[in-house]
Each structure stands twice: as C-alpha cells, then as structure tokens.
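Everything on this sheet refers to the single structure shown next.
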Amino acid sequence: MAAEHDRPQDASRGDAPGGARRGAHALTSRAAILAVVMCAIALSLAYPVREYIAQRQEIAELRQQEALARQKVERLEEQKRRLGDESYIEREATQRLHYCRPDAKCYIVLDGGGDGERRAAKDGEPRRPPWYESLWRSVEAADRPR
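Counting from 1, position 124 in the sequence shown corresponds to residue 108 in my numbering; the numbering is continuous, with no gaps.
Structural data, given as structure tokens:
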C-alpha cells in the first residue's frame, strides 16, 4: 500500500520516470504563451494609441486655427464698426484720397527735397548731368554732319 501511496505523490510532483522535472518545462511554455499574448495585446493597442495621439495633435492644430480665425473675425468686426462711423470715413477720405470738404481750404505740401538739390547744385559746384542725358547728347552729336 505504501507503493500505491507513493505513485500519486510522484505524479503530483511532476517527476518523469527518467528523473527530469516537467514543472520547469511547463513554466517555460506558459511564460512563452504569456509573452506571445502580451505582444499581441501590445501590437493590437499600438495602432489605436498612435491614432489617438495623432488626433490629439490635429485637435490642437484646429484649436489654434480657430483662435486665429476668431481674431480675424474680431478685427473685421472692428473694421466694420469703424466703417459705419461717418467721421472715420471723412478722416480716411481726407488722409488717403486727399478729399476736401467744399467749405474748407485744403493744402497739399509737396516734398521740397528735389528742389533743394537743384538749388545746391546752382549755388555750389556744377552738377554733372545724368547718364541718359550724356547718351542722348552723344547720339545728337553723332547725327550732326561736321
């Protein structure tokens, strides 16, 4: 009876008749299966996580574009409000288009820089003519017979 009692213990321990343990081999196959399952889970989650991150970046870009669009709308609404004001339109017409009201005297001051250079040339050294004047004079001189 003692021999029968020993056999179930041997079978429960996982000892093979050759003396090798089956438990170490079973643990390795379980670990391999677990590793394969974990890799499969990681691979199945990789694409959705990548898409999630890409969507978050796209949402951030769209929010930035929305903020820029809102700023542009605010500027345009401000410009629309200003264009509805008659005094603003008069001021812009006077400044940009040089319009003048019929009951006002308007003067346009021209830049005197060009006249100042001519006066300085008359007062100081003789001014050298531009290259195109010299060229035209040489063409006219070549056209005259000697």
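Heads up, the beta-carbon is just placed ideally off N, CA and C, and yes, glycines get one too. These numbers were taken from a predicted model, which means no experiment stands behind them.
The Cβ-Cβ distance between I92 and H82 falls below 8 Å. Rounded to the nearest angstrom, the gap between the Cα atoms of R111 and E117 is 12 Å. Boundaries of the alpha helix (DSSP H) around L81: 70 to 81. If you look at L119, you'll find it in the alpha helix (DSSP H) that goes 115 to 127. Straight through space, the alpha carbons of C23 and R34 are spaced by roughly 16 Å.
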